[in-house]
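A.B. asks: The sequence shown begins at 0 in numbering that gives the first Met the number 0 and counts up by one. Quick reminder that beta carbons are idealized off the backbone N, C-alpha and C, glycines included.
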Amino acid sequence: MEIELGDECNMCLSEFEVLYHLSESPTHSVRMTELAALARLSPSGLTRRFDLMIKRGWVTRERCDQDRRGVLALISDEGIQQAALAAPVYRNVQEELFFTQLKDEQLEALQGISTAVTQAADRVHTSL
0 MEIELGDECN MCLSEFEVLY HLSESPTHSV RMTELAALAR LSPSGLTRRF
50 DLMIKRGWVT RERCDQDRRG VLALISDEGI QQAALAAPVY RNVQEELFFT
100 QLKDEQLEAL QGISTAVTQA ADRVHTSL
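And the structure:
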């Protein structure tokens, strides 16, 4: 995944994950602490990566209006374009590495498991 994203999109996997989560957000913004968890990075790891992404023009940051201590990560138009460029590469590698290796019945089982886990997570999230 790292090789393909690097060769075809000039980005690493963690940069793609950051751009993906920001581009999927309805507001194209996510709090930095939440984004670190979504991208599976430590807060300091996200800050280092984010600073590089700012220099590339893919993202910006600003203070939260609701909580002046919080910081929002925002994706730029260029970042949205970069995420759109990388998404098919990511999906193709994912397909090649994982899904083409499974038989039809294994894919059906995986889909059932994924649905059950998603529904359980939704119930927990709704009850919070």
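What number of angstroms, rounded off, separates the C-alpha of Ala120 from the C-alpha of Ile112?
C.D. replies: Locating residue 120 in the sequence shown gives position 121, counting from the first residue. Locating residue 112 in the sequence shown gives position 113, counting from the first residue. Approximately 12 Å, taken between the alpha carbons.
A.B. asks: Can the beta-carbon of Ala108 be found closer than 8 Å to that of Ser22?
C.D. replies: If you number the sequence shown from 1, residue 108 lands on position 109. If you number the sequence shown from 1, residue 22 lands on position 23. No.
A.B. asks: Assuming Leu45 is part of the alpha helix (DSSP H), what are its boundary residues?
C.D. replies: To locate residue 45, count along the sequence shown from 1; it is residue 46. Following the DSSP letters along the chain, one finds Leu45 inside the alpha helix (DSSP H) bounded by residues Pro42 to Lys54.
A.B. asks: Look at the Cβ atom of Glu61, then the Cβ atom of Leu51, and state whether they are nearer than 8 Å.
C.D. replies: Locating residue 61 in the sequence shown gives position 62, where the first residue counts as 1. Locating residue 51 in the sequence shown gives position 52, where the first residue counts as 1. No, they are not a contact pair.
A.B. asks: According to the neighbour-count rule (16 or more other Cβ atoms, all chains shown, within 10 Å of its Cβ), is Gly78 buried or exposed?
C.D. replies: As a first step, residue 78 must be located in the sequence shown, where it is residue number 79. Gly78 comes out buried.
A.B. asks: Given a cut-off of 8 Å, decide if Val17 and Arg55 are closer than it, judged by their beta-carbon atoms.
C.D. replies: Along the sequence shown, read from residue 1 onward, the residue named residue 55 stands at position 56. Along the sequence shown, read from residue 1 onward, the residue named residue 17 stands at position 18. Taking 8 Å as the cut-off, the Cβ atoms of Arg55 and Val17 do not count as close.
A.B. asks: What residue from Pro25, Ser75 and Ala38 has the CA that sits closest to Phe15's CA?
C.D. replies: Taking the first residue of the sequence shown as position 1, residue 15 is located at position 16. Comparing Cα-Cα distances from Phe15 to each of Pro25, Ser75 and Ala38, the minimum goes to Ala38.
A.B. asks: Would the beta-carbon of Gly69 fall within 8 Å of that of Arg30?
C.D. replies: The count along the sequence shown starts at 1 and reaches residue 69 at position 70. The count along the sequence shown starts at 1 and reaches residue 30 at position 31. The answer is yes: Cβ separation under 8 Å.
A.B. asks: Run through DSSP, which three-state label would Thr59 get?
C.D. replies: As a first step, residue 59 must be located in the sequence shown, where it is residue number 60. The answer is strand: DSSP assigns Thr59 an E or B state.
A.B. asks: Need the endpoints of the alpha helix (DSSP H) that Leu73 sits in, please.
C.D. replies: Here residue 73 is taken as the residue at index 74 of the sequence shown, counted from 1. Where Leu73 is concerned, there is no enclosing alpha helix (DSSP H), although the beta strand (DSSP E) it sits in stretches over Val70 to Ile74.
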